[in-house]
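Visitor: Would you mind keeping the following structure in view while I ask a few things?
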Amino acid sequence: MVTNNAIWTTGGTSLFGAGNDSVINGAGAMLTTASNGGMIEATTFDGLEQLTSSGRLTMQDGGAGDRTELAGTVTLAAGSTYAIDVNAALQSDLLHTTGAATITGSTLAVTAQGFSVGRYTLLTADSGLNGQFAAMTGVTSTAFLTVTDDYDSNNAYLDVTKVHAFADAGLTPNQIATGEGLDSLTGGAVFNAVANLATDAEAQAAFDQLSGEIHASAKGMLVEDSRFVRDAATSRIRSAFRDVGAAPLPVMAYGEGGPEMVAADTDRFAVWGQAFGSWGNTDSDGNAAAFDRSTGGLLAGADTSVGNWRVGLLGGYSHSSFDADHRNSSGKADSYHLGLYGGTNWGAIAFRTGAAYSWSSLSTKRSVAFNGFTDGLSADYDAGTAQIFGELAYKADAGQFKFEPFANLAYVSVHTDGFTETGGATALTSIGTSTDATFTTLGLRGSSDFAFGGMNVTARGMLGWRHAFDDVTPTSTFAFAGGDQFTIAGMPIARDSAVIEAGLDFNMSANATLGLSYTGQFGGGTVDQGAKVDLAVKF
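Counting in my numbering, the sequence shown runs from 770 upward without gaps.
See the structure below:
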């Protein structure tokens, strides 16, 4: 008989066999059969006929999966503690005897490195188990899981049950949708990480990071950025007909002596270029996070007269950067543009129209971090933006002032290809989806000439109201690996916006004009502003 009244740490195989061999772990004593959390340990009491513990019998070492084996009877007496580790991989320490076991007033002490839904086997007695643990410590139910002890004729278990749907913890539509996507999983790292969160508030913060919202908001940005192409096209047509509020676009025409810079209203074949830039932000709508973006690019075109019409072709490149800081997400888009445009005047009535297509390559990065769980994710995919647009305007003079009320209509459709993020367990797969929007802009342009410092100066401006039809909220459809699809909403496009433009054109000489202009768009929590400098030189 071996009696332990202090601390006894053992491992490997201990040999008994003299007959009626027993180990008594006395009250207040500790018998440790596992001590290295970095490995799974097996301790065997070979030939031991009886193990009685009135103290602490423990395999707790920071790592689950350790085993203690014997063939004799086991008694966990009143006042004793049986201490084990469990983890989120559904592993637990195990005391196994081929004999019988009795539990009388003992406490089960659990150290958990996370839980997984399912059953953990803690003690097995092949010849029968009698009794139950009187108390359990170290176990706290989470926001989604309950942990209980259970028994049958041979085993003591720890049962972990999901009693609360992830989606029920969400407050916003995106949080609920992300929760539904997680609910469709049957397990895995991300499922377990969320299931072990202590409160609904922690889950809501995790859902926001897991949602992949940046991809949906990027679609809205592509819809908004489509205006740079159509604005340049309509501005060029206004310049060609010397209409109200047109910026001085430099054009190069071909004459008998070769290419030369000429006035914008030339009847000859002409080429032009325009640089643009914009920066903006949209406040959170309570569902999607605040979204910041900036865009810059260059467009060039060529047009000629066809009867009473001016028709042309344009192309260009732009680069956009965007981020949603509260979602730890950012991205960039490189876009190439190609379009046709044209216009004519019928007396005081002006008509301008066009169509364009843009090819965009998007790259995104986002990070997920909650409750000790971290992941880094990235994606690269393509998108296409198609648009058609038209504008009617009426030109009127009032002394030295020129005015032009106008109505502009544009239809935009953005399609993004499917993709799968690279990273860890939280990587999302998205199917290809489309986002459509129709815009009308009603407004008034005006211009006036005056002298300043010996120069002729043209002041020009525009004030308009833009209205977006259809569903103004872009969405993306995702799925976690092995899960069902769910749909996430991005930052909405402003339903109604005030659009302004102001510029000054300085005739610095008979052959040179410098134009400075500002553009702004305000509404629906969105502020978007841009600046432009144009220099037109005629030789």
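For each residue, glycine too, the CB sits at the ideal point set by N, CA and C.
Using beta-carbon positions only, say whether Phe-814 and Ser-791 come within less than 7 Å of one another.
Guide: no
Visitor: In whole angstroms, what is the alpha-carbon distance linking Ala-1058 and Gly-1259?
Guide: Going from the Cα of Ala-1058 to the Cα of Gly-1259 covers about 8 Å.
Visitor: Can you tell which of Ala-1125, Ala-1044, Ala-1263, Leu-1197 has the C-alpha that lies nearest to the C-alpha of Ala-1248?
Guide: Leu-1197
Visitor: Check whether the Cβ of Tyr-1180 lies closer than 7 Å to any Cβ atom in chain D.
Guide: Looking at the structure shown, chain D is missing, and only one protein chain is on hand.
Visitor: For Val-1226, which residues from the same chain have a beta carbon less than 8 Å from its beta carbon, with the 5 sequence-adjacent residues on both sides left out?
Guide: Asp-1218, Phe-1219, Ala-1220, Leu-1273, Asp-1274, Phe-1275, Asn-1276, listed in sequence order.
Visitor: Take Gly-1112 as the anchor and find which of Gly-1192, Thr-1003, Ser-1182 has the nearest alpha-carbon.
Guide: Thr-1003
Visitor: Within the same chain, show all residues whose beta-carbon is closer than 6 Å to that of Asp-1144, passing over the 5 residues directly before and after it, in chain order.
Guide: Val-1137, Gly-1192, Gly-1193, Thr-1195
Visitor: Where does the unbroken beta strand (DSSP E) through Gln-1254 begin, and where does it stop?
Guide: 1254-1258
Visitor: Going by beta carbon distance, what residues of the same chain come within less than 8 Å of Pro-942, once the five residues before and after it are set aside?
Guide: Asn-1056, Ala-1258
Visitor: Classify Val-1302 as buried or exposed, calling it buried when 16 or more other Cβ atoms lie within 10 Å of its own Cβ.
Guide: exposed
Visitor: Exposed or buried, Gly-1027, counting other C-beta atoms within 10 Å across all chains shown (16 or more means buried)?
Guide: Summary for Gly-1027: the model assigns pLDDT 47, below 50, so the residue's position carries little reliability; its value from the coordinates is reported in the next sentence. Taking a 10 Å sphere around the C-beta of Gly-1027, we find fewer than 16 other C-beta atoms and assign the residue as exposed.
Visitor: Taking the alpha helix (DSSP H) that Ser-986 belongs to, which residues open and close that run?
Guide: 982-994
Visitor: Would you call Met-828 buried or exposed, if buried means 16 or more other Cβ atoms sit within 10 Å of its Cβ?
Guide: buried
Visitor: How is Asp-1240 classed by DSSP in three states: helix, strand or coil?
Guide: Asp-1240: coil per DSSP, three-state reduction.
Visitor: Could you round the C-beta distance between Tyr-1163 and Ala-1206 to whole angstroms and report it? I think they count as a contact, below 8 Å.
Guide: Rounded to whole angstroms, the Cβ separation of Tyr-1163 and Ala-1206 is 26 Å, and the two are not in contact under 8 Å.
Visitor: Can you tell me whether Ser-922 is helix, strand or coil according to DSSP?
Guide: coil
Visitor: Check Phe-785 in the structure and name its three-state DSSP category.
Guide: coil
Visitor: Could you spell out the range, first to last residue, of the beta strand (DSSP E) harbouring Pro-1174?
Guide: 1170-1185
Visitor: Between the Cα of Ser-1286 and those of Leu-1213, Ala-1271, Asp-862, spot the shortest distance and give me the residue it belongs to.
Guide: If you compare the alpha carbons of Leu-1213, Ala-1271, Asp-862 with that of Ser-1286, the shortest gap goes to Ala-1271.
Visitor: Which complete beta strand (DSSP E) runs does the stretch 843-917 hold, if anything under 3 residues is left out?
Guide: Here the runs fully enclosed are 850-856, 863-866, 870-872, 876-882, 887-894, 904-906.
Visitor: Alpha helix (DSSP H) containing Leu-966: first to last residue?
Guide: Note, Leu-966: premise wrong, no alpha helix (DSSP H); not H, not E.
Visitor: Comparing alpha-carbon positions, which option in Leu-991, Val-929, Leu-863, Gly-948 lies nearest Asp-1151?
Guide: The shortest C-alpha separation from Asp-1151 is found at Leu-991.
Visitor: Is it the case that the stretch 906-919 contacts the stretch 873-886, given that we only count it when at least three CB pairs across the two stretches are under 8 Å?
Guide: Yes, they touch.
Visitor: Looking at the structure shown, is Glu-1160 part of a helix, part of a strand, or coil, going by DSSP?
Guide: Taken through DSSP and simplified to helix, strand or coil, Glu-1160 comes out as strand.
Visitor: Below 6 Å CB to CB, which residues in the same chain sit around Thr-1295 once its five sequence neighbours on both sides are set aside?
Guide: Thr-1051, Ala-1263
Visitor: If you draw a straight line from the C-alpha of Ala-847 to the C-alpha of Leu-800, how long is it?
Guide: 16 Å
Visitor: Checking the sheet assignment: what are the DSSP bridge partners for Gln-944?
Guide: Answer is none; Gln-944 lacks a bridge partner.
Visitor: Do the CB positions of Gly-1153 and His-1106 come within less than 7 Å of each other?
Guide: no
Visitor: Does DSSP put Leu-951 in a helix, a strand or coil?
Guide: The answer is helix: DSSP assigns Leu-951 an H, G or I state.
Visitor: For Met-808, list the residues DSSP reports as bridge partners.
Guide: Paired residue(s): none; Met-808 is not in a bridge.
Visitor: State the Cα-Cα distance for the pair Leu-736 and Ser-1199, rounded to the nearest angstrom.
Guide: Absent from the structure is residue 736, since the part of the chain shown begins at 770 and ends at 1308.
Visitor: Under a three-way DSSP split, which group does Gln-829 fall into?
Guide: coil
Visitor: Looking at C-beta atoms only, is the number of pairs between the stretch 1119-1137 and the stretch 1095-1109 that lie closer than 8 Å three or more?
Guide: yes
Visitor: For Arg-888 and Asp-928, which I take to be in contact (beta-carbon distance under 8 Å), what is that distance rounded to the nearest angstrom?
Guide: 5 Å
Visitor: Taking the continuous beta strand (DSSP E) assigned at Asp-1346, which residues delimit it?
Guide: Nothing in the structure corresponds to residue 1346, since the chain is present only between 770 and 1308.
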